[in-house]
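Okay, so here's the structure we're looking at.
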Amino acid sequence: MAGKNDVMNGLKTLNIQRISREGSLSLHVADQLEALIVNGGIAVGEKLPTENGLCDSFGVSRTVIREAITHLKSLGLVETRRGVGTTVLRNAIVEAMPANRISPTTVEDILHVLELRLNIEPAAAELAALRHDDDDRRILRDKHDVFVRARAASSQARVEDYEFHYAIAAATHNPFFKSFYEQLSQSVIPRAKLMSIEINTSATDRYLARVEEEHTYVLEAIFARDGESAREMMYQHLNRARNMYAKYQES
């Protein structure tokens with residue numbers, strides 16, 4: 000009992016604000032935690048409060064907290080280890096850049112495609128969560144497992160990435176979502192547009208590790224038939240990629 004009280008007292012000192020029901024709950028949580036980390040409220044090397052503690056403090060579900068933590072990990076601020084918890088790695092945002100340099104024309108093309116996907120795929124993920132059947136579950140799980148194995152084998156996993164997203168489109172049971180993916184084919188995967196000489200191998204490995212984790216959370220939301228969470232997780236997945244590739248344009 001004393002341990003729980005200590006946790007709750009520690010949370011109070013962080014000046015966490017309970018979340019309103021407007022907008023993305025997970026992003027509201029992530030924004031507060033990000034600010035605490037960047038401003039030193041939670042120091043590098045310290046652990047974040049437990050999921051249960053954060054749920055109580057923010058007044059949200061475990062799913063929302065997990066989505067927020069995933070966002071923080073995509074920024075390179077924290078890492079999570081089984082049995083240890085979530086630890087602050089740094090107090091400045093970093094991004095694994097899969098290439099040393101990309102031509103401006105290629106970057107512009109990638110950003111256009113990601114803009115299109117951001118307006119279609121979150122809806123597809125939501126519909127897949129609500130409509131998928133047992134065959135869809137089997138296919139989605141298989142495609143995710145194939146992606147995981149490809150990444151573990153140090154592959155760029157371009158085809159496997161495409162097929163995972165295509166399986167989500169198919170699980171909507173709306174033929175036009177499938178048609179969208181079939182027409183664009185593998186060009187929807189940004190790194191499919193990169194030449195081999197542009198690839199930064201070590202950074203790409205870190206980048207794909209985040210992709211794998213984000214795929215996992217999208218899949219879990221779909222399997223839980225949580226349409227809202229599936230939409231949000233897909234949006235975060237694609238928006239992180241858009242923000243990362245936009246940095247090439249800025250430089």
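For what it's worth, numbering that gives the first Met the number 0 labels the leading residue of the sequence shown as 0, then goes sequentially.
For each residue, glycine too, the CB sits at the ideal point set by N, CA and C.
The structure displayed is predicted, hence computed values, not measured ones.
Identity of the residues DSSP links to GLY40 by a beta bridge:
For GLY40, which the question treats as bridged, DSSP gives no partner whatsoever.
Smallest Cα separation from ALA29: which of MET243, LEU110, MET232, ARG224?
MET232
Tell me whether LYS192 is buried or exposed, calling it buried when 16 or more other Cβ atoms sit within 10 Å of its Cβ.
buried
Less than 8 Å between the CB atoms is what I'm expecting for GLU211 and ARG150, so what's the real figure, rounded?
So it is a contact: roughly 6 Å between Cβ atoms.
Distance between VAL83 and ASN8 (C-alpha atoms, nearest Å):
In this prediction, ASN8 scores a pLDDT of 49, lower than 50, which makes its location untrustworthy; no coordinate-derived value is stated.
Since GLU78 sits in a beta bridge, which residues does DSSP pair it with?
THR86
For my contact list, ALA67 and LEU113 are in at a C-beta cut-off of 8 Å; report their separation, rounded to the angstrom.
About 22 Å; that fails the 8 Å criterion.
With a floor of 4 residues, list each alpha helix (DSSP H) that falls wholly inside the region 150-198, ordered by position along the chain.
157-169, 174-183
When the Cα atoms are used, what is the spatial distance from ASN311 to ILE138?
Any answer about residue 311 is impossible in this case: the structure gives the chain only from 0 up to 250.
Assuming ARG130 and HIS164 are in contact, meaning their beta carbons sit under 8 Å apart, how far apart are those beta carbons, in whole angstroms?
Not confirmed; about 16 Å, so no contact.
What does a CB cutoff of less than 6 Å around ALA127 pick up in its chain, not counting 5 residues either side in sequence?
ILE167, ALA170, THR171, ILE221
7 Å CB neighbourhood of ARG140 in its chain, flanking five on each side removed
none
CB-CB length for SER25 against VAL63, believed under 8 Å
Indeed, because the Cβ distance is near 5 Å, the residues count as touching under 8 Å.
Neighbour-count burial assignment, ARG148, 16 or more Cβ in a 10 Å radius:
exposed
TYR216 vs ILE188 beta-carbon contact at 7 Å:
no
According to DSSP, which residues form a beta bridge with LYS46?
THR86
Which residues in the same chain as LEU207 place their Cβ atom closer than 7 Å to its Cβ, once the five residues preceding and following it in sequence are excluded?
ARG150, ALA156
Close-in-space but distant-in-sequence residues of the same chain around LEU117 (CB under 8 Å, 5 per side omitted)
TYR234, LEU237, ASN238, ARG241
Residue range of the alpha helix (DSSP H) that includes SER73
Residues 61-73.
Can you say whether PRO121 is buried or exposed, counting buried as having 16 or more other CB atoms within 10 angstroms of its CB?
buried
CB-CB under 7 Å to ARG61, same chain, minus the five flanking residues each way: which ones, in chain order?
GLU50, CYS54
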